[in-house]
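Engineer:
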Amino acid sequence: MCAMVLNAALLPLELEQRNIPKPGPGELRLRVLACAVCRTDLHIVDGELPLPVLPIVPGHEIVGVVEETGSGGTDYRVGDLVGVPWLGHTCDCCAFCAEGRENLCDTPRFTGYHRDGGFASHVIAEAAFCLPLAMPEADAARIAPLLCAGLIGWRSLKAAGEGVRRLGIFGFGAAAHLVAQAAIAQGREVFAFTRPADLATQAFARSLGAVWAGGSNERPPEPLDAAIIFAPVGELVPAALRVVRKGGRVVCGGIHMSDIPAFPYRLLWEERSVVSVANLTRADAKEFLAFAQAHPLQVHTRTYPLAQANEALADLRAGRIEGAAVLVP
Ligand SMILES: [Zn+2]
Ligand SMILES: [Zn+2]
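Numbering (the numbering used here), first residue to last: 957 to 1285.
(1) Do the CB positions of leucine 962 and isoleucine 1012 come within less than 9 Å of each other?
(2) Can you list every residue whose CB sits closer than 5 Å to some heavy atom of ligand 2, going in chain order?
(3) Nearest CA to the CA of glycine 1169: which residue from Ala1130, Gly1124 and Cys1086?
(4) I'd like to check one pair, glycine 1015 with leucine 1236: are the Cβ atoms closer than 9 Å?
(5) Check for me: the beta strand (DSSP E) holding valine 1233 runs from which residue to which?
(6) Which complete beta strand (DSSP E) runs does the stretch 1065-1126 hold, if anything under 3 residues is left out?
(7) If you drop the 5 nearest sequence neighbours on each side, which residues of the same chain put their C-beta closer than 6 Å to that of leucine 1134?
(8) My output table needs one value for phenylalanine 1149: the three-state DSSP class, helix, strand or coil.
(9) Consult DSSP for isoleucine 1140 and reduce its assignment to one of helix, strand or coil.
(10) Could you check what DSSP says for glutamate 1267 in three-state terms: helix, strand or coil?
(11) Assign serine 1163 to buried or exposed, taking buried as 16 or more other Cβ atoms, counted over all protein chains shown, within 10 Å of its Cβ.
(12) Okay, do the stretch 1064-1073 and the stretch 1091-1099 touch, 3+ Cβ pairs below 8 Å being the bar?
(13) Compute the beta-carbon to beta-carbon distance between alanine 1166 and alanine 1148, rounded to the nearest angstrom, for a pair I have assumed lies under 8 Å.
(14) Taking buried to mean at least 16 other C-beta atoms within 10 Å of its own C-beta, is asparagine 975 buried or exposed?
(15) Is the CB-CB distance between alanine 1130 and valine 1146 below 9 Å?
(16) Kindly list the residues whose CB is nearer than 7 Å to the CB of arginine 1201, restricted to its own chain and excluding five residues on each side of it in sequence; keep chain order.
(17) For a test of the three-state rule: what should DSSP assign to glutamate 1058, helix, strand or coil?
(18) Quick one: give me the first and last residue of the beta strand (DSSP E) that proline 1261 is part of.
(19) Whole angstroms is fine: what's the gap from cysteine 1308's alpha carbon to glycine 1068's?
(20) For leucine 1103, which residues in the same chain have their Cβ closer than 6 Å to its Cβ, ignoring the five residues on either side in sequence?
(21) State whether the stretch 1076-1085 contacts the stretch 970-984, with contact taken as three or more CB pairs (one from each stretch) at a distance under 8 Å.
(22) Mind checking whether valine 1255 and valine 1230 have CB atoms under 9 Å apart?
(23) Classify asparagine 1173: buried if its beta carbon has 16 or more other beta carbons within 10 angstroms, exposed otherwise.
(24) Is the beta carbon of aspartate 1072 within less than 8 Å of some heavy atom of ligand 1?
(25) Which same chain residues end up closer than 7 Å to alanine 1187 when comparing Cβ atoms and leaving out the 5 residues on each side of it in sequence?
(26) Excluding five sequence neighbours on each side, which residues of the same chain lie with their C-beta closer than 6 Å to the C-beta of alanine 1141?
(27) With glycine 1044 and valine 1021 assumed to form a contact (beta carbons below 8 Å), what rounded beta-carbon distance in angstroms separates them?
(28) Check each residue's C-beta against every heavy atom of ligand 1 and list, in chain order, those closer than 5 Å.
(29) In chain order, what residues of the same chain have a beta carbon less than 6 Å from the beta carbon of threonine 1046, not counting five sequence neighbours either side?
(30) Within this structure, are the beta carbons of alanine 959 and glycine 1003 separated by less than 9 Å?
(31) In the DSSP assignment, find the unbroken alpha helix (DSSP H) run with histidine 999 in it and report its ends.
(32) Assuming isoleucine 1216 and valine 1193 form a contact by the criterion Cβ under 8 Å, report the distance between their Cβ atoms to the nearest whole angstrom.
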């Protein structure tokens, strides 16, 4: 098998040939069909997150076919199409797992972070954390971005609140382009904020149904009920607070953000709130995949051969990708 391996933060990934691994009890070995590139992968490669395991194969938006099942019994069979998301394992016994908040598990293992992920031709995953995909195999590259961009976007949308009609989205990348479509399908209005003067991304947002698109330094025509921030830029927190109405909520959807600058209390006052979203639960995944079946989303992708993972990461870092980057072995 081959894999793109991170040996240390800030180094390019290196293509490595490895022996094909055997799945352990309760595990599956998948042949990877596609793996999308998430901003979290960039934070890992750039050393913005602590690196608990090195070397590591990044990638946690994996679509693959079951090649072999480990002992211990699983519902999956050889040939099944499955997805592997970021949440790769939870303890099932800490206070958070017991409350049904497994996304906050005290001792989780994340795919492509604690265990090798999908920037590879093959991957081992825990069957209990894989997601059955009732979709055609030929769509693998279009399904992959649903598994983190879509899922985290969905959890962020839920965190924004039920009654939200006018939703702002800051940072219009892979997650935003999916959550915008989901929000519009639910009857909400989307206001897209991009880097100032990024007219191409603003046009992209409008093409997906945003009622307004502008720079993050601009004011929308009316106050918003809530805003989601996907860009890892702390300055956007006060910027988003400035455009939400009284009682409005600002949701930070990323795993990492630059420092949030000091801002006047009046931006938070009047019961505005700032919350973050961390990881996902399997229930989120089930719910979102069912939604995506019922409301087909246009998934915009740029595909790269696996060996060009570094180019995909560079394009993502530079904001050159409309939609999601996807690696295809
Ligand atoms: Zn991700
Ligand atoms: Zn736990």
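By construction, the Cβ of each residue, glycine as well, lies at the ideal position given by its N, Cα and C atoms.
Note that the coordinates shown come from a computational prediction; the quantities given were computed from them, not determined experimentally.
Structural biologist: Let me spell this out:
(1) yes
(2) Thr1046, Cys1047, Cys1050, Cys1053 and Cys1061
(3) What sits at residue 1169 in the sequence shown is alanine, not glycine. Checked all of Ala1130, Gly1124 and Cys1086; the closest Cα to alanine 1169 is Gly1124.
(4) no
(5) Element bounds for valine 1233: n/a, residue is neither H nor E.
(6) 1078-1082 and 1122-1126
(7) Ala1105, Gly1106, Gly1109 and Leu1253
(8) strand
(9) helix
(10) helix
(11) exposed
(12) no
(13) 4 Å
(14) exposed
(15) no
(16) Pro1179, Leu1180 and Asp1181
(17) helix
(18) 1257-1261
(19) Residue 1308 lies beyond the stretch modelled for the chain, which goes from 957 to 1285, so this question has no answer here.
(20) Glu1017, Gly1039 and Pro1041
(21) yes
(22) no
(23) exposed
(24) no
(25) Phe1126 and Gly1127
(26) His1251
(27) Between valine 1021 and glycine 1044 the Cβ distance is about 18 Å, and since that is not below 8 Å, they are no contact.
(28) Cys994, Thr996 and Cys1104
(29) Cys1053, Glu1058, Cys1061 and Pro1064
(30) no
(31) 995-1001
(32) 5 Å
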